Amino acid sequence: MRLVRDREDARWMPSRFHFALFRLAAFLRLRGMAPRPRPGIILVIDRDQSAFENHAVSIWIAVTLACYIAAELPWVFPLAILAGLLLAFTAMQFMVVIGGLIVRSTRANSIFLMSLFILVAAYYARATSWVRFVGWHVLALAALNAVAAVIVFALRGAIAKREAAFAA
């Protein structure tokens, strides 16, 4: 486990983020930032250490699944969204357990679940109701993340150089 001590700007190290969009945003933020010493702070450098990223993606997936479920329910829209959220949280837990039983690796399980999420988005993107916009939103963000991944890959040398400045 890598640690960075006494540097508040280490929060923006791209290696602390999981998705390419967040890595690219972190690199752009870090690139324009001067070193910010802060005695006593210790930051873990791990790709799953960004609370904002974890919560943002989790909420996005939950709301998206709630919209898919609400589109299938024959109820009044606000009630359908509420029921959809409750069912989405249950479905997410169920899929994590089932995915864990099918795929034993955490990384492979994440790929499996995100692929399933994108396949469901592709299904709903073909719908004729309001939910097609939700499906297209997911597909657009997945494509945008793929473009960001190519950019981050091209910038890997510059990112490594910037992160090397944090070595103790």
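Just so you know, the sequence shown maps onto residues 1 to 168 in our numbering.
Ideal Cβ positions, reconstructed from N, Cα and C, are used throughout, including at glycine.
Keep in mind the model is a prediction, meaning the values are calculated, not measured.
{"Query": "Between I59 and A88, how many whole angstroms is the CB-CB distance? I'm expecting something under 8 Å.", "Result": "I59 to A88, Cβ: 11 Å. No contact."}
{"Query": "Quick one: residues in its chain with C-beta nearer than 7 Å to the C-beta of S15, no 5 flanking neighbours on either side, listed in chain order?", "Result": "I45, R47, E163"}
{"Query": "Per the contact definition of three or more C-beta pairs closer than 8 Å, is the stretch 86-100 in contact with the stretch 137-150?", "Result": "no"}
{"Query": "Tell me whether the beta-carbon of A91 lies closer than 8 Å to the beta-carbon of L65.", "Result": "yes"}
{"Query": "Should V138 and A20 be called a contact, given that it needs their Cβ atoms to be closer than 8 Å?", "Result": "no"}
{"Query": "Starting from the C-beta of R11, find all residues in its chain whose C-beta is less than 6 Å away, skip the five residues before and the five after it, and write them out in chain order.", "Result": "none"}
{"Query": "Scan the stretch 106-151 and note each continuous beta strand (DSSP E) run of 3 residues or more that stays entirely inside, going in chain order.", "Result": "none"}
{"Query": "I'd like the span of the beta strand (DSSP E) that includes V4, first residue to last.", "Result": "2-7"}
{"Query": "To test your reading of the DSSP string, which unbroken alpha helix (DSSP H) runs of 4 or more residues are found completely within the stretch 9-55?", "Result": "20-31"}
{"Query": "Report yes if the C-beta distance between F166 and R23 is below 8 Å; otherwise report no.", "Result": "no"}
{"Query": "Measuring alpha carbon to alpha carbon, tell me which residue in L43, F52, G40, L3 is nearest H18.", "Result": "F52"}
{"Query": "Any heavy atom of the ligand ATP closer than 7 Å to the beta-carbon of A71?", "Result": "This structure does not include the ligand ATP; it has no bound ligands of any sort."}
{"Query": "Of the residues D9, L79, F133, which one's Cα is nearest the Cα of R31?", "Result": "D9"}
{"Query": "For L79, count neighbouring Cβ atoms within 10 angstroms of its own Cβ and tell me buried if that reaches 16, exposed if not.", "Result": "exposed"}
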